[in-house]
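**Q**
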Amino acid sequence: LNLKIIEPGESDYTSPTILIESSSKDPWPCIDYHKLKAVTQTEYYPLPNIEEHIETVAKAKYIILLDLSRGCWQIPLSEKAQRYATFIFDALKGDFGTVL
360 LNLKIIEPGE SDYTSPTILI ESSSKDPWPC IDYHKLKAVT QTEYYPLPNI EEHIETVAKA
420 KYIILLDLSR GCWQIPLSEK AQRYATFIFD ALKGDFGTVL
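If you're matching positions, the sequence shown starts at 360 in the numbering used here and goes up one per residue.
1) So, for Glu411: in the same chain, excluding its five sequence neighbours on each side, which residues have a beta-carbon less than 7 Å away from its beta-carbon?
2) From the DSSP output, in three-state form, read off Glu369 for me.
3) Let me check one thing: in DSSP terms, what residues is Leu395 bridge-paired to?
4) Compare the Cα-Cα distances from Ile377 to each of Asp385, Glu366, Asp391 and report the closest residue.
5) Thr376 lies in the beta strand (DSSP E); which residues open and close that run?
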């Protein structure tokens, strides 16, 4: 809460937080979104033409990289998405706020 990555949540939709144990690290908190995933409709898009994208990138002045291992810290969620991303941990409901 102090880092403003999460904020108190008021949503009726929640997913449980579980601790994943690892032999080499301390337990890691994870949000179990299995039930949310089960009711989420997948949107399919045609694969882009890679040659067109290579031409576009070749002309670019700036290139941005995202570290997908920390994607949840980098991509802000819309208010609607925050409603469904709410998690519960030890009677505290929280959802992901806008990343600053």
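C-beta atoms are modelled at their ideal positions from N, C-alpha and C, and glycine is treated no differently.
These numbers come from a predicted model, not from an experiment.
**A** On the basis of the data shown:
1) Within the sequence shown, residue 411 is the residue found at index 52, counting from 1. When the five nearest sequence neighbours on each side are left out, no beta carbon in the same chain lies closer than 7 Å to the beta carbon of Glu411.
2) Mapped onto the sequence shown, residue 369 falls at position 10. The answer is coil: DSSP assigns Glu369 none of H, G, I, E or B.
3) Taking the first residue of the sequence shown as position 1, residue 395 is located at position 36. Secondary-structure assignment with DSSP links Leu395 through no beta bridge to anything.
4) Locating residue 377 in the sequence shown gives position 18, counting from the first residue. The option with the nearest alpha carbon to Ile377 is Asp391.
5) If you number the sequence shown from 1, residue 376 lands on position 17. Segment 374-379, the beta strand (DSSP E) holding Thr376.
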